[in-house]
Structures are given as C-alpha cells and as structure tokens.
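Worksheet for the structure shown next.
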Amino acid sequence: MEIRAKQEWQTPELETLNV
Amino acid sequence: MTDQRYADQTIVQKEGNIVSDMNGEKVMFSIRSGKYYNLGRVGGRIWDLIAAPVAVARLVDELMKEYEVDRATCERQVAEFLRSLQRESLIEVRPS
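Residue numbers (the numbering used here), protein chains in the order written: chain A, 5 to 23; chain B, 24 to 119.
Given below as structure tokens:
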C-alpha cells in the first residue's frame with residue numbers, strides 16, 4: 005500500500021489582486 | 024466541531040471563473056465581477072475539491088488526509104476561507 009507524506013498546511017486565504 | 028454556519032452545508036463552485044495555476048498557486052479571474060484572485064496552494068486545493076458539490080465535513084476530512092493539520096484548526100480556517108469565497112459570490116452554499 006502506498007503511503008503518501010502529508011503536505012504542510014498553510015492557512016487558506018483569498019487574496020484579491022490589483023491587476 | 025465544524026463551524027456552525029457551514030456544519031450542515033454543501034458547497035460547490037459557482038460557474039463563470041477562469042482558473043490557472045501559477046507556481047503552484049491557483050489564480051482566478053471572475054468574469055462576473057472582473058476581479059482577479061489568488062487562492063494560494065491550500066485554497067487552490069479546496070477550490071478543486073468543491074468542483075462538485077461536497078459537504079463541508081467531508082471537505083475537512085479530505086484535507087486532513089492530505090495536510091498536516093489538526094481538525095479544529097482545519098475546520099476553523101476552512102470555514103473562514105469559505106466565508107471569504109461566499110462574500111465574493113464565488114461559491115454556492117446549499118443545505119446538505
């Protein structure tokens with residue numbers, strides 16, 4: 005069985021970009 | 024406990040957005056509002072997971088399988104992220 009390492013968590017944020 | 028506002032909700036993307044991956048982060052253009060957004064890495068993964076309707080509890084379960092995060096933190100931060108998506112009318116929230 006393949007065991008995949010968990011990824012580092014980063015706080016999800018919605019950033020509005022000023023184009 | 025899952026954030027009360029979303030505890031029994033199902034979330035799905037709204038249509039009308041153009042999404043692109045840039046250096047591992049997901050960038051999106053809303054045709055409706057004309058705004059550009061950066062969802063980041065985890066936010067981009069959440070966006071992928073809500074391509075089809077998904078219960079918030081199941082969304083949190085899936086993220087916990089993929090990321091090093093405890094349930095309380097995951098639930099709180101996902102709920103806050105979903106609130107920001109909802110404020111921008113990027114998602115549809117339905118009763119489960």
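Beta carbons are placed, not taken as given, at the ideal position from N, Cα and C, and that holds for glycine. On a predicted model such as this, the values are computed, not experimentally measured, just so you know.
Check: Restricting to Cα atoms, I'd like to know which of Ala-102(B), Val-42(B), Lys-88(B), Arg-68(B) is closest to Ser-53(B).; Outcome: Val-42(B)
Check: Keeping to the same chain, check which residues put their C-beta closer than 8 Å to that of Asp-94(B); ignore five residues upstream and five downstream.; Outcome: The displayed chain sequence assigns Arg, not Asp, to residue 94(B). The residues are Val-83, Met-87.
Check: Tell me the rounded alpha-carbon separation between Ala-75(B) and Leu-113(B).; Outcome: 14 Å
Check: Helix, strand or coil, according to DSSP, for Gln-14(A) in the structure here?; Outcome: coil
Check: How should Pro-16(A) be labelled, buried or exposed, when 16 other C-beta atoms within 10 angstroms of its C-beta is the threshold for buried?; Outcome: buried
Check: When Cβ atoms are compared, which residues of the segment 40-64 of chain B fall closer than 7 Å to chain A?; Outcome: Lys-58, Tyr-59, Tyr-60, Asn-61, Leu-62, Gly-63, Arg-64
Check: Exposed or buried, which one is Lys-10(A) when buried takes at least 16 other CB atoms within 10 Å?; Outcome: exposed
Check: Starting from Ser-43(B), follow the beta strand (DSSP E) in both directions and report where the run begins and ends.; Outcome: 40-45
Check: Cβ atoms of Glu-48(B) and Gly-67(B): under 9 Å apart, would you say?; Outcome: yes
Check: Along the segment 62-96 of chain B, where does the CB come closer than 7 Å to a CB of chain A? Name the residues.; Outcome: Leu-62, Gly-63, Arg-64, Val-65, Gly-66, Ile-69, Glu-89, Tyr-90, Glu-91, Val-92
Check: If you measure from the beta carbon of Phe-104(B) to each beta carbon in chain A, is any gap under 9 Å?; Outcome: yes
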